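Reading through the structure tokens given below for one structure.
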Amino acid sequence: MGLTEEQRAVVRHGRGHAKVTAVAGSGKTATMIARVVHLLRQGGDPRLIRVVMFNKAAQVEFSQRLARAAGGMTERPPVVSTFHAMGKRLTEAFVRRGMLPDYELCPHEWRQGQLARQALASAIQQAGAGWGQPDKLELEDFLTFIDRVKADLARPSEVFAAMGLSQNVRYFLAAYEAFEDLRRSEGLRFFSDLLFDPVVAMAESPELRAWVGDRLEHVIVDEYQDVSAVQQALLQVVAGSRASVMAVGDEDQCIYAWRGSRPELITTTFAHDFPGAAVYRLSRTFRYGHALSLLANHAITANRQREDKLCISAEGTPHTRVALTVHGRNDPHPLPGILASWRAQGRALREVVVLVRLRSMSIPVELALLKEQLAYRVDGPTAFDTREMRALVGVLRLAAGTLFDPDDEHGRAETVRAMLSVPHVGLRAPEMQALVQRIVGSPQHAPGLIVDAVRQQGGRPRQRERAETMAGLWSTLASGRWRGLPPRKILGHYIETTGLYDHFREMAVRHIEAEERIVACEELMAFAEGQGKDLEGLLAGIDELRAAAARQRGDEDLVRITTVHQAKGLEFPVVVVPGLAEGRFPYVRDASEEAEMEEERRLFYVAVTRAREQLHLLAPPDRAHGAAVKTGSRAIPETPVASRFLYEANIGISRRLGRAIEAGDPARTLAQLRASDPEVAQGYLAAIGVSTRSARPGRSPSAIREPAAGSD
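Here it is in structure tokens:
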């Protein structure tokens with residue numbers, strides 16, 4: 044397929060910097076390859092051209108495609124690199140020049156984690172905070188904080204505030220300094236240091252900047268919306284005053300704020316750091332049809348921190364079906380029905396992906412699939428592998444008297460450990476391991492063993508109080524007195540008595556972690572209530588689901604369940620986005636926080652634009668949204684039930700207008716503009732060459748009625 048006029052304009056760009064805004068599915072890789080080939084045909088020296096990709100997989104794929112496209116034109120194609128590969132070469136060169144210490148490059152994540160744990164434990168002890176030892180989640184968050192400091196090139200205190208971390212973990216600041224001291228004393232350099240160290244060295248040395256810069260004539264950078272401050276600073280030095288830099292990306296797909304990417308780096312900072320840049324747009328997507336393009340545009344144009352642009356479906360793209368399915372908590376989950384319809388067309392389960400905002404939101408999806416014996420895989424822990432699920436199921440087993448049954452492979456050590464961690468009784472790792480072994484060996488003495496272990500460790504009064512509460516509950520559960528209660532009531536009493544949700548919020552480094560764990564608990568309780576079974580019946584059902592999950596492991600035709608973050612850069616024939624309820628997606632601490640809401644809206648945009656043939660949006664019943672679908676209103680009520688993004692996406696107008704465009708009937712198309720907010724639709728029609736002068740916005744739609752929700 045030949046290039047579009049927009050793509051050819053990018054390919055033919057002359058000297059000087061350029062920014063290319065490329066919407067999802069716009070063929071940017073093919074355009075960048077054509078650009079490099081054009082430069083070679085114009086006599087460009089391949090040694091003076093550099094292409095920078097964002098990860099190793101993208102670098103390998105681009106290199107192979109470029110080699111095929113440029114075959115015979117040059118003995119050696121231009122170098123295709125990653126930012127970190129560039130940083131590694133500079134670091135090694137600076138070491139040889141004596142400008143950086145000769146530290147060992149350590150590729151082992153476990154070694155970095157070891158130093159981080161040591162630094163964090165020391166800071167916790169000095170602050171008299173936490174339980175004395177970091178748990179796995181806290182350690183992961185501290186490692187993220189370290190990398191973010193080095194990505195932002197900012198003071199740790201500024202990064203701490205920008206990340207919105209809890210004041211309960213302010214000891215991260217001291218821990219960071221301790222970590223860096225340990226790293227230097229050990230003579231180690233980790234992955235993030237490959238950029239941080241040379242960029243800091245160049246900032247302090249005009250001699251190094253002069254030595255590095257002005258060696259290239261053309262630098263092309265892919266996925267520019269994902270760059271961080273340290274990467275942009277490196278690019279500035281490498282380009283110097285000689286190289287023309289072409290940045291290719293889309294601020295609407297900037298979703299990695301937690302690792303330092305920010306939309307302003309492409310929308311405004313690039314123009315400041317690389318002045319005089321020409322601006323190009325790849326506005327045509329080859330991935331999905333008009334209805335989905337309209338929906339995505341309606342949603343993302345609510346963001347302010349973006350370019351004024353629209354995503355337009357190119358001629359010949361699939362007629363993507365956009366379906367909204369409304370279901371209540373007690374209704375059967377709609378996913379099995381969606382899959383049955385897909386398979387009836389002779390299609391495979393592996394062509395379907397379920398994209399969740401929070402990992403815990405996969406639990407009802409997994410349970411629904413297991414119940415119908417539909418195979419799936421999760422990119423991460425499965426529903427039954429999370430600590431919260433294991434702990435609460437353990438509570439139910441203890442109440443039923445089956446936790447320590449000889450034939451119960453899910454009892455014993457791992458479940459006991461989870462129960463002592465949800466909420467955490469405050470023991471250090473060695474003491475926790477010893478307590479678990481003692482309880483497994485003498486389960487009848489568990490209450491006394493819990494209290495004694497915390498006392499022997501010398502826990503603070505609050506820890507001892509929590510241990511006594513845990514011991515009392517353990518004794519009550521083991522007595523069998525709750526065996527006849529509904530499972531949800533058992534779980535609810537346990538959560539309330541232990542103050543579990545408050546514990547999650549208190550111990551979480553980031554607010555979203557607490558929410559993840561709370562949602563997991565709520566989903567299990569909803570599942571228990573929805574089954575309508577007694578305690579023994581529910582546990583038997585859970586065992587059956589576990590067995591079904593184990594049987595699936597050899598299947599090849601699997602539905603994929605993953606997060607929106609993990610799906611970026613990918614596309615699928617069918618995308619299902621569940622949990623589109625206000626407070627879940629978007630998930631923000633404060634709906635008035637514009638930056639947080641815009642990040643969530645970009646996540647929604649990325650999620651929906653992964654689809655090629657079908658997009659299924661699953662939402663709770665919301666009468667106000669049902670009315671908005673019919674009228675074309677994007678106004679969000681004060682207390683929406685369905686996600687505000689569904690209101691903003693204007694599903695009714697997007698579907699009606701998309702169908703009319705695909706039918707090739709301009710008069711019918713114009714009739715669809717009787718919406719209360721027609722600006723996006725009018726702009727879209729103008730972009731595809733349909734006049735909107737005769738459209739009459741603001742009147743109630745009557746020409747084509749919207750089908751009932753879920754019946755698309």
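44 is the number of the first residue of the sequence shown in the working numbering; add one for each residue after it.
Just so it is clear, CB atoms sit at the ideal spot from N, CA and C, and this is done for glycine as well.
Please read these numbers as outputs of a predicted model, since none were measured by experiment.
> Tell me the DSSP bridge mates of Glu250?
Replying inline: As a first step, residue 250 is located in the sequence shown; it is residue number 207 there, counting from the start. The beta-bridge partner set that DSSP reports for Glu250 is empty.
> Under three-state DSSP, which class holds Tyr299?
Replying inline: The residue you call residue 299 lines up with position 256 of the sequence shown. DSSP places Tyr299 in coil when its eight states are reduced to three.
>> Taking the alpha helix (DSSP H) that Ile167 belongs to, which residues open and close that run?
In response: The residue you call residue 167 lines up with position 124 of the sequence shown. It spans Glu152 to Ala170 - the alpha helix (DSSP H) in which Ile167 sits, taken as one unbroken run.
> So, is Ala752 buried or exposed, given that buried needs 16 or more other C-beta atoms within 10 angstroms?
Replying inline: In the sequence shown, the residue the question calls residue 752 occupies position 709. The predicted position of Ala752 is uncertain, since its pLDDT is 37 and thus under 50; no value can be drawn from it.
> Since Thr74 and Val54 are thought to touch, with beta carbons under 8 Å apart, how far apart are those beta carbons, to the nearest angstrom?
Replying inline: What you label residue 74 is simply residue 31 of the sequence shown in a count that begins at 1. What you label residue 54 is simply residue 11 of the sequence shown in a count that begins at 1. Yes, they are in contact, since the Cβ atoms of Thr74 and Val54 sit about 7 Å apart, within 8 Å.
> Can we say the segment 551-567 touches the segment 517-528, given the rule of at least three CB pairs closer than 8 Å?
Replying inline: No: the two stretches stay apart, fewer than three of their Cβ pairs being nearer than 8 Å.
> So, helix, strand or coil for Gln725, using DSSP?
Replying inline: Mapped onto the sequence shown, residue 725 falls at position 682. Three-state result, Gln725: helix.
> What first and last residue would you give for the beta strand (DSSP E) that runs through Pro616?
Replying inline: Locating residue 616 in the sequence shown gives position 573, counting from the first residue. Counting along the chain, the unbroken beta strand (DSSP E) around Pro616 starts and ends at Phe615 to Val620.
> Any idea if Gly575 is buried or exposed, counting beta-carbon neighbours within 10 angstroms, 16 or more meaning buried?
Replying inline: Within the sequence shown, numbered from 1, the residue matching residue 575 stands at position 532. When all chains shown are included, Gly575 counts as exposed.
> How should Lys804 be labelled, buried or exposed, when 16 other C-beta atoms within 10 angstroms of its C-beta is the threshold for buried?
Replying inline: What is shown of the chain runs 44 to 755, which leaves residue 804 out entirely.
> Who are the near neighbours of Ala357 in its chain, counting only those whose CB is closer than 8 Å to its CB and skipping five residues on each side?
Replying inline: Locating residue 357 in the sequence shown gives position 314, counting from the first residue. If we look at Ala357 and ignore the five residues flanking it on each side, its Cβ neighbours are Thr47, Arg327, Thr328 and Phe329.
> Can you tell me the Cα-Cα spacing of Glu749 and Cys564, whole angstroms?
Replying inline: By one-based count along the sequence shown, residue 749 stands at place 706. By one-based count along the sequence shown, residue 564 stands at place 521. Note on Glu749: pLDDT 36, under 50, position unreliable in the model; no value is reported.
> From His341 to Arg111, what does the alpha carbon distance come to, in whole angstroms?
Replying inline: For this step, residue 341 is matched to residue 298 along the sequence shown. For this step, residue 111 is matched to residue 68 along the sequence shown. Going from the Cα of His341 to the Cα of Arg111 covers about 39 Å.
> What does a CB cutoff of less than 8 Å around Ala321 pick up in its chain, not counting 5 residues either side in sequence?
Replying inline: Taking the first residue of the sequence shown as 1, we reach residue 321 at position 278. The answer, listed in chain order, is His56, Gly59, His60, Ala61 and Lys62.
> Given that a residue counts as buried once 16 or more other Cβ atoms are within 10 Å of its Cβ, and exposed if not, what is Ser743?
Replying inline: To locate residue 743, count along the sequence shown from 1; it is residue 700. Interpretation of Ser743 is limited by its pLDDT of 34, a score under 50 that renders its predicted location unreliable; no figure is taken from the coordinates.
> Do you know whose CA, among Asp633, Val619 and Leu646, lies nearest Leu661's CA?
Replying inline: Position 618 of the sequence shown holds residue 661. Checked all of Asp633, Val619 and Leu646; the closest Cα to Leu661 is Val619.
> If Phe97 sits next to Asp269, beta carbons under 8 Å apart, how far is it from one beta carbon to the other, in whole angstroms?
Replying inline: As a first step, residue 97 is located in the sequence shown; it is residue number 54 there, counting from the start. As a first step, residue 269 is located in the sequence shown; it is residue number 226 there, counting from the start. Yes, they are in contact, since the Cβ atoms of Phe97 and Asp269 sit about 6 Å apart, within 8 Å.
>> My output table needs one value for Ser518: the three-state DSSP class, helix, strand or coil.
In response: Locating residue 518 in the sequence shown gives position 475, counting from the first residue. Residue state, collapsed to three classes: helix.
> Is Leu700 helix, strand or coil by DSSP?
Replying inline: If you number the sequence shown from 1, residue 700 lands on position 657. Three-state DSSP puts Leu700 in a helix.
> Is Arg433 near Ala461, with beta carbons less than 8 Å apart?
Replying inline: Position 390 of the sequence shown holds residue 433. Position 418 of the sequence shown holds residue 461. Closer than 8 Å, so yes.
>> Please report the straight-line C-alpha distance between Leu582 and Thr458, rounded to a whole angstrom.
In response: For the purposes of this step, residue 582 is identified with residue 539 of the sequence shown, where counting begins at 1. For the purposes of this step, residue 458 is identified with residue 415 of the sequence shown, where counting begins at 1. Straight-line Cα distance between these residues: approximately 14 Å.
> Less than 8 Å separating the beta-carbons of Ser403 and Glu559?
Replying inline: Here residue 403 corresponds to residue number 360 of the sequence shown, with the count starting at 1. Here residue 559 corresponds to residue number 516 of the sequence shown, with the count starting at 1. Yes, the Cβ-Cβ distance between Ser403 and Glu559 is below 8 Å.
> Considering Leu382, what are the terminal residues of the alpha helix (DSSP H) in which it resides?
Replying inline: The residue labelled residue 382 in the question sits at position 339 within the sequence shown. It spans Leu378 to Ala387 - the alpha helix (DSSP H) in which Leu382 sits, taken as one unbroken run.
> Could you give the C-beta distance for Leu163 and Leu182, rounded to a whole number, given that I count them as a contact under 8 Å?
Replying inline: Taking the first residue of the sequence shown as 1, we reach residue 163 at position 120. Taking the first residue of the sequence shown as 1, we reach residue 182 at position 139. Taking a contact as a CB-CB distance under 8 Å, the pair Leu163 and Leu182 counts as one, their CB atoms being some 7 Å apart.
>> Measuring only the C-alpha atoms, how far is Leu338 from Ala706?
In response: As a working mapping, residue 338 is identified with position 295 in the sequence shown. As a working mapping, residue 706 is identified with position 663 in the sequence shown. In a straight line, the C-alpha of Leu338 is about 18 Å away from that of Ala706.
> Using the C-alpha atoms, what's the distance from Pro318 back to Pro199?
Replying inline: In the sequence shown, counting from the first residue as 1, residue 199 sits at position 156. In the sequence shown, counting from the first residue as 1, residue 318 sits at position 275. When rounded, the distance between both Cα atoms is 30 Å.
> For His151, which of Leu82, Ser235 and Leu91 has the nearest alpha-carbon?
Replying inline: Taking the sequence shown and counting its residues from 1, the one referred to as residue 151 is at position 108. Checking every option, the nearest Cα to that of His151 belongs to Ser235.
> Alpha carbon to alpha carbon, how far is Gly398 from Tyr419?
Replying inline: Position 355 of the sequence shown holds residue 398. Position 376 of the sequence shown holds residue 419. Reading off the sequence, residue 398 comes out as Leu, not Gly. Each residue's Cα considered, the two are about 13 Å apart.
> In terms of residue numbering, what span does the alpha helix (DSSP H) encompassing Arg78 cover?
Replying inline: Here residue 78 refers to the residue found at position 35 of the sequence shown. For Arg78, the enclosing alpha helix (DSSP H) covers residues Lys71 to Arg84.
> Quick one, are the C-beta atoms of Gln102 and Ser124 less than 8 Å apart?
Replying inline: Here residue 102 refers to the residue found at position 59 when the sequence shown is read from its first residue. Here residue 124 refers to the residue found at position 81 when the sequence shown is read from its first residue. Note that the C-beta distance between Gln102 and Ser124 is below 8 Å.
> Between Arg252, Thr344, Gln480 and Asp665, which lies nearest to Glu681 when the distance is taken from Cα to Cα?
Replying inline: For this step, residue 681 is matched to residue 638 along the sequence shown. Comparing Cα-Cα distances from Glu681 to each of Arg252, Thr344, Gln480 and Asp665, the minimum goes to Asp665.
> Shortest alpha-carbon distance to Leu412 belongs to which of Ile381, Val562, Ile482 and Thr445?
Replying inline: One-based indexing of the sequence shown puts residue 412 at position 369. Restricting attention to Ile381, Val562, Ile482 and Thr445, the CA atom closest to the CA of Leu412 is found in Ile381.
> When the Cα atoms are used, what is the spatial distance from Arg232 to Pro473?
Replying inline: Counting from one through the sequence shown, the residue named residue 232 turns up at place 189. Counting from one through the sequence shown, the residue named residue 473 turns up at place 430. The alpha-carbon atoms of Arg232 and Pro473 are separated by roughly 30 Å.
> Relative to the C-alpha of Ala426, which residue among Ala591, His467 and Val273 is closest?
Replying inline: In the sequence shown, counting from the first residue as 1, residue 426 sits at position 383. Nearest C-alpha to Ala426: Ala591.
> In the DSSP assignment, what are the bridge partners of Thr605?
Replying inline: Stepping through the sequence shown from its first residue, residue 605 is reached at position 562. Answer by DSSP bridge pairing, in chain order: Leu398.
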